[in-house]
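Residue numbers (full-length UniProt numbering): 1 to 319.
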């Protein structure tokens, strides 16, 4: 097998020049195969407040120009031994949520069936459901860590079952999630009522609030999450509004009192031993951003998720 094609060399082509693929990686049509693909889903028809996350994938890619090929925090060069690519966008119907969900399921499944691990750039959180469906068909019930200010386990909005606030209720109902190994991280803010929490516990979710992260610290939180997940196939879903608006103003439903970008990245790095099979970063709405604060944070989160997948692949290949 040929050596992987890595990012564009910034010593030859300045970072501000050339196509804005994720981390300046090659496009999927420039390689023979892909171990890991970063794909965009420019879709925000499922939002309940601010629109604009359809422009998230392009904003994250633009901010990712500054990413470099070695991750010192995880001691991994994710592009060195694996072929990591920008898989482009999976284009979905902006006028029909149901059609968009089906199209994304089919598009993601082509990558999964080919053995390519996905890190998906949203788009709104509706997209998590079809991504989980595609992984369930390969791995069976999926463990999940959901980083978000909100629960996203509501039943409907205005009678609609598929929105950015409902994907994980649907995933539980469909048997996609391993309900002994699912948790929210970073939740905070007002709810519609106490029943929201009661429903969530009934579904099997553990809850780590933003205040828990503050009081217990990232190491204790990461250790508890590792124990909850074990060696199950794991999906990590990151709504960028898990970060405080000071760290991520460019999002659709901001809530005060959130995580710092440092806390989020350190918790993710604490998951390095887990069996990650896929991930997403969603709800970046660049129209509300300032100086690329949100898209820069999201690009680093996506880079850490790619690096975790690379570590996982290295462990499997070595043993």
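Ideal Cβ positions, reconstructed from N, Cα and C, are used throughout, including at glycine.
Everything numeric in this text was worked out from a predicted model, so none of it was measured.
Spatial distance of residue i from residue j (CA atoms)
i           : j           : result
residue 274 : residue 180 : 15 Å
residue 31  : residue 64  : 20 Å
residue 294 : residue 249 : 6 Å
residue 141 : residue 262 : 31 Å
residue 24  : residue 15  : 8 Å
residue 80  : residue 69  : 8 Å
residue 123 : residue 21  : 17 Å
residue 220 : residue 93  : 42 Å
residue 306 : residue 7   : 14 Å
residue 301 : residue 313 : 19 Å
residue 324 : residue 182 : No answer is possible for residue 324: the residues shown for the chain start at 1 and end at 319.
residue 78  : residue 309 : 8 Å
residue 264 : residue 148 : 11 Å
residue 59  : residue 318 : 36 Å
residue 206 : residue 153 : 13 Å
residue 143 : residue 177 : 6 Å
residue 75  : residue 194 : 43 Å
residue 270 : residue 311 : 12 Å
residue 161 : residue 256 : 27 Å
residue 103 : residue 120 : 15 Å
residue 61  : residue 292 : 11 Å
residue 54  : residue 44  : 5 Å
residue 114 : residue 3   : 19 Å
residue 118 : residue 284 : 18 Å
residue 242 : residue 10  : 32 Å
residue 145 : residue 296 : 22 Å
Exposure of residue i, with buried meaning 16 or more beta-carbon neighbours within 10 Å
i           : result
residue 315 : exposed
residue 95  : exposed
residue 33  : exposed
residue 136 : buried
residue 299 : buried
residue 303 : buried
residue 158 : exposed
residue 272 : buried
residue 67  : buried
residue 29  : exposed
residue 290 : exposed
residue 134 : buried
residue 17  : exposed
residue 57  : buried
residue 12  : exposed
residue 201 : exposed
residue 258 : buried
residue 186 : buried
residue 156 : exposed
residue 72  : exposed
residue 173 : exposed
Residue i: first and last residue of the uninterrupted alpha helix (DSSP H) it sits in
i           : result
residue 233 : First-last for residue 233: 233 to 239, but that is the beta strand (DSSP E), not the alpha helix (DSSP H).
residue 268 : 261 to 269
residue 308 : 293 to 318
residue 147 : Per DSSP, residue 147 belongs to no alpha helix (DSSP H); it is in the beta strand (DSSP E), 142 to 147.
residue 172 : 167 to 173
residue 218 : 218 to 229
residue 5   : Unbroken run through residue 5: none, as it is neither H nor E.
residue 198 : 195 to 203
residue 60  : 56 to 63
Opening and closing residue of the beta strand (DSSP E) in which residue i lies
i           : result
residue 182 : 177 to 187
residue 39  : 36 to 41
residue 206 : 206 to 209
residue 276 : 275 to 282
residue 87  : 84 to 89
With a cut-off of 8 Å, do at least 3 Cβ pairs link the region 77 to 86 to the region 96 to 111?
Flag = no, the region 77 to 86 and the region 96 to 111 do not touch.
Check whether the region 269 to 286 and the region 112 to 129 touch, using three or more Cβ-Cβ pairs below 8 Å as the test.
yes
Length at least 3, wholly inside the region 104 to 135: the beta strand (DSSP E) runs in chain order
Listed in chain order, they are 117 to 122.
Check whether the region 166 to 177 touches the region 186 to 194, taking contact to mean three or more Cβ pairs, one atom from each stretch, closer than 8 Å.
no
Taking contact to mean at least 3 C-beta pairs separated by less than 8 Å, is the region 229 to 240 in contact with the region 209 to 216?
no
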